[in-house]
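Chains H and A, in that order, give the protein sequences.
Mind the numbering: the first sequence is residues 1 to 388 in my numbering, read in order.
Mind the numbering: the second sequence is residues 389 to 632 in my numbering, read in order.
Following: one structure in structure tokens, then a few remarks.
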Amino acid sequence: MMGIRTHLSPPGLLFAILGLAALLAPFMTLAANRIVAGDGIVAWRVAGPAITVPGVAAVMIGLAMGLVATWTRLRLLGAVFGLAGLLWLLSRSAPILLTQAGEYARVSPAAGFWCLLVIFMLLMADALAALKPGPFMRAVLLFAVLAALVLVLHSGLLSDLSVLQEFSSRRDAFFTEFQRHLGLAFGSLAAAALIGFPLGILCHHRAGLQGATLPVLSFLQTIPSLAMFGLMIPILGWVGNTVPGAQAIGIAGIGFAPAFLALLLYSLLPVVGNTVAGLAATPPAALEAARGMGMTPRQRLLRVELPLGLPIILTGLRIVLVQNIGLAVIAGLIGGGGFGTFVFQGLNQTATDLILLGALPTVVLALTAAILMDTLVELTRRIPEETA
Amino acid sequence: MKIGLILRPVLIALLLALVLRPDWFVPIFAPFAPAGGPVIYQRASMLSLSLSHLGIVALASAAATIVAVMLAILVTRPAGAAFRPLSRTITNMGQTFPPVAVLALAVPALGFGAGPTLVALFLYGLLPIFENAVTALTNLPRATMEAARGIGLSRWQRLLRVELPLALPVTLTGIRLSIVIALGTATIGSTVAARTLGEVIIAGLLTNNTAYVLQGGLIVGLFAVLIYDALVQLEAYLLGRMGG
Numbered sequence: 001m002m003g004i005r006t007h008l009s010p011p012g013l014l015f016a017i018l019g020l021a022a023l024l025a026p027f028m029t030l031a032a033n034r035i036v037a038g039d040g041i042v043a044w045r046v047a048g049p050a051i052t053v054p055g056v057a058a059v060m061i062g063l064a065m066g067l068v069a070t071w072t073r074l075r076l077l078g079a080v081f082g083l084a085g086l087l088w089l090l091s092r093s094a095p096i097l098l099t100q101a102g103e104y105a106r107v108s109p110a111a112g113f114w115c116l117l118v119i120f121m122l123l124m125a126d127a128l129a130a131l132k133p134g135p136f137m138r139a140v141l142l143f144a145v146l147a148a149l150v151l152v153l154h155s156g157l158l159s160d161l162s163v164l165q166e167f168s169s170r171r172d173a174f175f176t177e178f179q180r181h182l183g184l185a186f187g188s189l190a191a192a193a194l195i196g197f198p199l200g201i202l203c204h205h206r207a208g209l210q211g212a213t214l215p216v217l218s219f220l221q222t223i224p225s226l227a228m229f230g231l232m233i234p235i236l237g238w239v240g241n242t243v244p245g246a247q248a249i250g251i252a253g254i255g256f257a258p259a260f261l262a263l264l265l266y267s268l269l270p271v272v273g274n275t276v277a278g279l280a281a282t283p284p285a286a287l288e289a290a291r292g293m294g295m296t297p298r299q300r301l302l303r304v305e306l307p308l309g310l311p312i313i314l315t316g317l318r319i320v321l322v323q324n325i326g327l328a329v330i331a332g333l334i335g336g337g338g339f340g341t342f343v344f345q346g347l348n349q350t351a352t353d354l355i356l357l358g359a360l361p362t363v364v365l366a367l368t369a370a371i372l373m374d375t376l377v378e379l380t381r382r383i384p385e386e387t388a
Numbered sequence: 389m390k391i392g393l394i395l396r397p398v399l400i401a402l403l404l405a406l407v408l409r410p411d412w413f414v415p416i417f418a419p420f421a422p423a424g425g426p427v428i429y430q431r432a433s434m435l436s437l438s439l440s441h442l443g444i445v446a447l448a449s450a451a452a453t454i455v456a457v458m459l460a461i462l463v464t465r466p467a468g469a470a471f472r473p474l475s476r477t478i479t480n481m482g483q484t485f486p487p488v489a490v491l492a493l494a495v496p497a498l499g500f501g502a503g504p505t506l507v508a509l510f511l512y513g514l515l516p517i518f519e520n521a522v523t524a525l526t527n528l529p530r531a532t533m534e535a536a537r538g539i540g541l542s543r544w545q546r547l548l549r550v551e552l553p554l555a556l557p558v559t560l561t562g563i564r565l566s567i568v569i570a571l572g573t574a575t576i577g578s579t580v581a582a583r584t585l586g587e588v589i590i591a592g593l594l595t596n597n598t599a600y601v602l603q604g605g606l607i608v609g610l611f612a613v614l615i616y617d618a619l620v621q622l623e624a625y626l627l628g629r630m631g632g
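Below you can see the structure in the form of structure tokens.
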């Protein structure tokens with residue numbers, strides 16, 4: 001009894017129970033057109049047994065492989081197996097379901113699919129966490145997952161799904177908004193760094209300035225995003241109308257400028273706060289040594305304080321980047337572009353696929369940015385330790 | 389500190405006036421309204437929207453607090469230790485999910501209205517509370533725990549009388565983060581037909597009426613700033629009491 005229990009992974013058991021429950025939920029939805037709600041179909045009814053039996057079996061085997069506590073690689077393989085099963089079911093059944101339905105019919109993954117997808121990704125993450133990959137390995141894994149995703153999407157395996165039909169009818173708009181979204185998120189990050197680093201360094205040296213700046217910035221951070229984006233409209237509208245030449249460079253009440261400024265204001269606290277914290281974290285002994293070597297304050301800052309504080313400063317940039325990728329969605333409401341355009345269009349038209357077309361890439365983008373920045377933070381943290 | 393003493397009552401008074409007597413602000417907002425258009429949002433009273441907004445936030449945050457603290461207690465017991473790496477992964481990854489995306493993704497599953505907003509607020513609110521509660525429960529002073537064991541307290545007694553009270557301030561920081569995010573996300577909830585103050589801002593954006601945007605934006609912003617401030621004060625008070 002004891003022996004069996006030690007070989008069972010408790011999270012694996014949880015995944016198996018949840019996974020079996022998710023298999024009972026509707027796996028696909030078939031709707032008459034893109035607006036109406038569809039009918040759910042469970043996994044073993046989406047197609048003939050030649051398709052459903054191997055698919056469902058792969059999902060169950062994947063869940064079973066996740067149960068083994070002692071062999072982490074087997075759990076990882078189980079996750080891959082399960083994901084392959086999901087992909088198989090999805091790609092094989094979609095064309096069959098569509099041929100039985102009308103011309104405008106839409107087929108999309110339903111709750112059961114999404115739950116199983118999350119479960120297998122968690123199983124994969126749980127197994128990977130136990131393997132403890134180094135920063136380079138994690139970056140490689142991330143790119144492998146992204147490459148697999150792009151490959152699957154590009155291969156046309158899933159092109160019968162309604163989200164991808166929505167995509168193919170908006171291909172150009174999608175890439176324009178994608179660029180817009182990246183421009184908003186990275187542009188405001190760059191501007192925040194440009195203002196925030198010097199401000200943080202100044203705050204580090206003058207306690208009075210720090211006491212005045214940080215509370216103001218943290219109150220800015222608490223203002224709800226929709227209110228912040230909205231309040232930028234009259235302010236920038238006024239600037240655009242009164243300052244000569246402002247409109248010529250694109251400053252107006254709606255569009256890119258207010259969205260950019262709102263994101264910039266949200267970005268300042270993490271950048272300034274973490275710069276201050278990073279500089280303050282310099283070990284007193286290192287500062288003492290630098291002073292003893294006769295370094296000027298400027299040299300101390302550039303050669304000692306900044307390099308040692310780099311991981312904390314980069315963590316601030318990570319917070320900003322992930323936060324801005326998410327907040328840039330709101331720009332869609334004030335004509336600022338980005339993936340939010342699809343999300344809010346979709347909400348207005350009650351077109352679920354359009355919502356997904358905006359929301360899913362945002363989530364993937366945010367996750368990718370988080371993992372990449374974490375890797376970067378870890379790399380900078382290792383250097384001082386190795387040289388020390 | 390002194391600025392706070394003057395500013396706080398002024399901001400509270402301003403917020404109360406904006407919510408209870410919006411008509412007083414007609415001269416201020418009028419220049420922002422389109423010519424001949426309405427200046428003050430009339431389709432619903434500010435009070436009812438505020439109450440609905442705060443109600444949704446309170447309900448979701450209360451549920452999130454209860455569930456998150458229970459889960460945190462669970463994974464910090466020996467029996468739940470196997471779930472700790474998984475829970476860390478979930479909180480790390482979950483917090484990179486944009487709140488707007490969580491809200492948008494809840495709509496296909498739950499339809500329009502207050503439902504998806506509540507669920508999105510609840511799910512998103514779990515993460516900071518859980519994270520902080522786990523941090524607090526795993527970093528308890530060892531000497532105190534030894535002492536609690538030494539005087540013969542049972543597991544339950546230790547949890548209720550020692551661990552949870554000691555973990556309260558850090559957990560409260562998580563609750564504050566969660567409430568601030570919930571206030572903001574609830575504002576966006578009006579795009580999925582939840583009755584919140586975001587309705588006023590959205591109406592302003594749709595009809596190009598900046599007066600509405602200002603009115604809604606100011607009320608929401610003031611609520612967020614004042615609630616944040618009140619929770620910071622509460623944390624400082626609790627920390628002070630525990631230190632003394």
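Every residue, glycine too, gets a C-beta built ideally from N, C-alpha and C.
- For residue 481 (chain A), the nearest CB of chain H lies under 8 Å from its own CB, placing it at the interface with that chain.
- About 14 Å separates the beta carbon of residue 122 (chain H) from that of residue 86 (chain H), a gap too long to meet the 8 Å contact definition.
- A distance below 8 Å separates the beta carbons of residue 561 (chain A) and residue 520 (chain A).
- If you draw a straight line from the Cα of residue 606 (chain A) to the Cα of residue 435 (chain A), it comes to about 14 Å.
- Excluding the 5 residues flanking it on each side, residue 554 (chain A) has same chain C-beta neighbours closer than 8 Å at 524, 528, 529, 532, 630, in chain order.
- If you look at residue 198 (chain H), you'll find it isn't in any beta strand (DSSP E); it sits in the alpha helix (DSSP H) that goes 171-205.
- Excluding its 5 nearest sequence neighbours in each direction, residue 72 (chain H) has C-beta neighbours in its own chain below 8 Å: 127, 130, 131, listed in chain order.
- For residue 106 (chain H), the enclosing beta strand (DSSP E) stretches over residues 106-109.
- For residue 425 (chain A), no chain H residue has a Cβ inside 9 Å of its Cβ, as the nearest lies near 15 Å away.
- If you draw a 10 Å sphere on the C-beta of residue 454 (chain A), you find fewer than 16 other C-beta atoms in it, and that means exposed.
- Taking 8 Å as the upper bound for CB-CB distance, residue 255 (chain H) and residue 335 (chain H) are in contact here, some 5 Å apart.
- For residue 230 (chain H), the nearest CB of chain A lies under 8 Å from its own CB, placing it at the interface with that chain.
- Counting only Cβ-Cβ distances below 7 Å, residue 127 (chain H) has no contacts in chain A at all, with the closest Cβ about 10 Å away.
- Here the alpha carbons of residue 41 (chain H) and residue 500 (chain A) stand approximately 22 Å from one another.
- Here residue 39 (chain H) is bridged, per DSSP, to H:30.
- One alpha carbon belongs to residue 227 (chain H), the other to residue 586 (chain A), and they sit about 8 Å apart.
- For a cut-off of 8 Å, the C-beta gap from residue 98 (chain H) to residue 172 (chain H) is around 25 Å, too long to register as a contact.
- Annotation: Cβ neighbours of residue 575 (chain A) in chain H (cutoff 8 Å, chain order): 224, 225, 226, 227.
- For residue 68 (chain H), the beta-bridge partners assigned by DSSP are H:8.
- Within the segment 209-260 of chain H, the alpha helix (DSSP H) runs of at least 4 residues that lie entirely inside it are, in chain order, 225-242.
- When the beta-carbon positions are compared, residue 237 (chain H) and residue 247 (chain H) stay at least 8 Å from each other.
- For residue 589 (chain A), the enclosing alpha helix (DSSP H) begins and ends at 586-594.
- Between residue 276 (chain H) and the set H:203, H:216, H:95, the nearest pair of CA atoms involves H:203.
- Contact between residue 368 (chain H) and residue 146 (chain H) holds, with the beta-carbon distance rounding to 7 Å and staying under 8 Å.
- At a cut-off of 8 Å, the C-beta of residue 489 (chain A) has a neighbouring C-beta in chain H.
- By the rule that beta-carbons nearer than 8 Å mark a contact, residue 496 (chain A) touches chain H.
- Take the alpha-carbon of residue 431 (chain A) and the one of residue 26 (chain H): they are about 40 Å apart.
- For residue 266 (chain H), the closest alpha carbon among the candidates H:253, H:222, H:96 is that of H:222.
- Residue 11 (chain H) belongs to the set of residues whose beta carbon lies under 8 Å from a beta carbon in chain A.
- Scanning its chain for C-beta atoms nearer than 6 Å, with the 5 sequence neighbours on each side dropped, one finds around residue 445 (chain A) the residues 570, 571, 574, in chain order.
- With a threshold of 8 Å between beta carbons, residue 616 (chain A) makes contact with chain H.
- For residue 604 (chain A), the closest Cβ of chain H is nearer than 8 Å.
- For residue 440 (chain A), the uninterrupted alpha helix (DSSP H) run begins and ends at 434-463, by DSSP.
- Classified as buried, residue 319 (chain H) has 16 or more neighbouring CB atoms from the shown chains inside 10 Å of its CB.
- Looking at the DSSP output, residue 161 (chain H) bridges to H:107.
- Shown here, residue 391 (chain A) sits in a helix according to DSSP, grouped into three states.
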